[in-house]
Each structure stands twice: as structure tokens, then as C-alpha cells.
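Peer 1:
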Amino acid sequence: MQPSRAVVALLSGLLSVSVQAQEIAVSATVLPLDSARLQAMGVELVKVQLTADYVLTRVPARLQVADSARQSVVAPFAGAILRVAVLEGQAVQPGDVLAEVRSPEWQARLAEAAQRDAVWTDAKARAERSATLLEAGVISAREADQATAAWRAATTTRNTMQADSQGIRPIPGGYALLATQAGLVLHRAVGSGDPVTTDDVLFEIGDASERWAEARLPARFASRIAVGDAVRIVGEDGLGEVIAVGRAIDPHTLDLSLTARVPDGMALPGQAVELELRHAAPPATVRLPSAAVVDIHSQARVFVASPDGLLIRSVVVLARDGQEAVVIGLAGDEQVAARGLLALKTLALEALATQE
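Using this note's numbering, you'd call the opening residue of the sequence shown number 33 and step up by one each time.
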């Protein structure tokens, strides 16, 4: 005969109360050890520290110059490299020569530009003269509008050709390619004698102090990391922040992309680093040595100093590595045992056995 729902609920409630009572009893269990006994056992007490966040995990990452801080320098006209004027890692300023390019295409464009300038000058003069004649009543408004439209078309063509010439300076037989922003030469793709075609990327310039760390985040952390969370490169000072977290999990690697902005440091763009991902901690979260947390009856426990000895306290572990544990269940001014834990655990098991 199956028990009724009421009976099941009653038994479940009694079991829950029993478990809670046992936990309270365990939490209230005291090992009556005075300071002399603790010293003889090699027990060392340390004070826990309140923390606003904690290390959720560490992941391998690679540093890159921020997209907003780098610029690709392309060849505006085809040709061949006559001379490369900069090295990778060299600092440049706007207007510095990066390379000199021999370019028949550029020479032809210069000749075309001179012709376009002449057309523009003539169209401008015609438009101004037409405006004067229209005012005098010599020509119709339609004729004046045609002259103005021709000038505007010539202006558009002239401006387009001038835009194509931005970032270069004429030299005999070709052009000098110029830096248009300050920064470091992050990458050089050509050497003397190399052929180039239009829009080939020849250099990359950027501010290496504006760094991004790009990593792959295990899928199990996807719901626990958000934009704005703090990060730190292991071995460096200063905190950065997460600026993007992918929302598509790779079905093969079961991870997703993460990008963080990190402060200036010693590591160079392209270098592999370890990225520490931090997570906001709930109120009353503390840090303590990892060795201070022991497993007793499949629960995380610590030994808390009290006037009567050491109190066995249950805690919730949020994060833990070989050095440090982050837990909930302790006050920020309490002290816990960090050494001599093996002997304390033996005493705790004996004390708990007497309560069963």
C-alpha cells in the first residue's frame, strides 16, 4: 500500500528538521582545547578576511592590441617596395615614412589628377561666370544650373582623387607611405623589392598599452561570467574587465569566447598568459587558507577559535585552489585553524561520533 501524500510530506518535513538539527548540533560542537594544548598540537590560527569578489577560475589567454587602438596601413596603389623605413616595435608619429614604393600606377594617377584639377578649375570659372551672366539677365537659369552642376561633379571627382592620396607623399617614380597615427609598428608584412598590389596590408600600427586578452571559457561558467566582471593577468598588478562573452558554445570544445580589457603591463601582444576571472561575492564572504577547510562527513568544515576551544563550523565553499578558499558561513573577525588540521580532524570525528 502506497503512503498518502500527507504522510510523505510529514516524513519529509521531519527528515528536513532532523538534518537541520544535526547540522546545528555539529556547528555547536566544541573541541575543548586550551592555548597550551593547541600549541602542543602545532595548531596555528589565522584571521579570515572579508572579500568583495573571488577568483572563479583561471583560463589560458592570448594578449592582443585592442581593435580600437590599431590600424592596418594598406598600399593605395600597386608597385614594388623600394625601401622599408621602419622596424617592428619601432615608435612612429603621424607623417613618418613607413616605406617608399615605386609605382607606375601612382604616376599615372598623378597625371590624371593634374588633368582633373584643370577640369575643376575650368568648371569653377564657368560656374562663377554663369552666375554673373544670370544676374545680368544674359543667360537663362537653366544654363546657369547646368554650369553649377558641372562644377559640382568636377569637385566630387577631384575630392575622390585627393582622398585616394591621403597618407602618401610623392617621390620620384612613386610615393612614400606615411603613418597616419602615433603608435608602435606591430607588424611589417613587406621588405625591399617585394611587389605590392592595391589594398595589400603592409603594416599594422597600434598602441600596445591598450591590451585585450582573448580566451576560451568553459561552458560551465557561461552563466556566471558577465560583461563588467573583473579580471587579472596572473603575475601582473591591476584589474581589467570583461568586455564581451560569446553566447555560442563550440560543440567540439564545449567552450565559448571571452574578451577582456586589461591594463598596461609587461606582457606583449601575442604572448600567452593566464587570465584570472573574478566574480562578485555574496555578503559576508571570506577568504582563508585552503588547508583550513576539511571534509568531515562529506561536508566542508572549519575549526573556529572560541573562548571554550575550537568550534566545528559548517561552511559553503564558493571557490578553492591549492592556496586559498572562499567560503560563506564565517564572520569577518573570526580566526580559524590553518595548521595541525589532521589531529583536529581526528578529534572532531571522535566528538561527532559520541553525538550519533
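We treat Cβ as the ideally placed atom computed from N, Cα and C, and that holds for glycine. Just so it is clear, the structure is predicted and the values come from calculations on it, not from any experiment.
Can you find the residues in the same chain that come closer than 8 Å, C-beta to C-beta, to S100, ignoring five residues on each side of it along the sequence?
Peer 2: Cβ within range, chain order: E242.
Peer 1: To test your reading of the DSSP string, which unbroken beta strand (DSSP E) runs of 3 or more residues are found completely within the region 71–138?
Peer 2: Fully enclosed beta strand (DSSP E) runs of 3 or longer: 76–79, 85–97, 102–106, 111–116 and 129–134.
Peer 1: Determine whether the beta carbon atoms of T342 and V336 lie at a separation below 8 Å.
Peer 2: The amino acid at residue 342 is misidentified as Thr; the sequence shows Leu. For L342 and V336, yes; Cβs fall inside 8 Å.
Peer 1: Helix, strand or coil for L309, going by three-state DSSP, please let me know.
Peer 2: Strand at L309.
Peer 1: Report the option in A258, P202, V151 and L166 whose CA atom is closest to the CA atom of A185.
Peer 2: Out of A258, P202, V151 and L166, V151 has the C-alpha closest to the C-alpha of A185.
Peer 1: Buried or exposed: R161, going by 16 or more other Cβ atoms within 10 Å of its Cβ?
Peer 2: The residue is exposed, with fewer than 16 neighbouring Cβ atoms inside 10 Å.
Peer 1: Give the DSSP-derived three-state secondary structure of S44 in the structure shown.
Peer 2: The predicted position of S44 is uncertain, since its pLDDT is 43 and thus under 50; a value taken from the coordinates is nonetheless stated next. Three-state result, S44: helix.
Peer 1: Quick check on the DSSP output: the alpha helix (DSSP H) that includes Q387 runs from which residue to which?
Peer 2: Taken as a continuous stretch (DSSP letters only), the alpha helix (DSSP H) holding Q387 covers L373 to Q387.
Peer 1: Is DSSP giving D327 helix, strand or coil here?
Peer 2: Strand, per DSSP.
Peer 1: In angstroms with no decimal places, state the Cα-to-Cα distance between T291 and T229.
Peer 2: Spanning the two alpha carbons is a distance of roughly 33 Å.
Peer 1: If A369 sits next to L77, beta carbons under 8 Å apart, how far is it from one beta carbon to the other, in whole angstroms?
Peer 2: Going by Cβ atoms, the distance from A369 to L77 rounds to 6 Å, so yes, they are a contact pair.
Peer 1: Sorted by chain position, which residues of the same chain lie with C-beta nearer than 7 Å to L307's C-beta, five sequence neighbours on each side aside?
Peer 2: Within the same chain, L307 has close Cβ partners R90, V91, A93, A245, A247, V263, I265 and A292.
Peer 1: When the distance is taken between beta carbons, is G272 closer than 8 Å to P295?
Peer 2: Cβ distance < 8 Å, so P295 and G272 count as in contact.
Peer 1: Does the Cβ-Cβ distance between A173 and L166 come in under 8 Å?
Peer 2: Their beta carbons are under 8 Å apart, which means A173 touches L166 by this criterion.
Peer 1: Examine the ligand ZN and report whether any of its heavy atoms sits within less than 7 Å of the Cβ of A251.
Peer 2: Questions concerning the ligand ZN fall outside what the structure shown contains, since it holds no ligand whatsoever.
Peer 1: Which one or two residues does DSSP pair with V336 in a beta bridge?
Peer 2: V336 is bridged to L343 and V368.
Peer 1: Does the count of Cβ pairs from the region 101–117 and the region 133–143 closer than 8 Å reach three?
Peer 2: Yes: the two stretches touch, three or more of their Cβ pairs being nearer than 8 Å.
Peer 1: Who are the near neighbours of I275 in its chain, counting only those whose CB is closer than 7 Å to its CB and skipping five residues on each side?
Peer 2: Excluding residues within five positions, the ones whose Cβ falls inside 7 Å are V259, T291, A292 and R293.
Peer 1: With H, G and I counted as helix, E and B as strand and the rest as coil, what does DSSP make of L142?
Peer 2: Looking at L142 - three-state DSSP - the assignment turns out to be helix.
Peer 1: Taking the C-alpha atoms as reference points, what is the distance between D154 and A179?
Peer 2: Near 10 Å, if we compare the C-alpha coordinates of A179 and D154.
Peer 1: Is it true that the CB of Q213 sits closer than 8 Å to the CB of Q103?
Peer 2: Cβ atoms of Q103 and Q213: closer than 8 Å.
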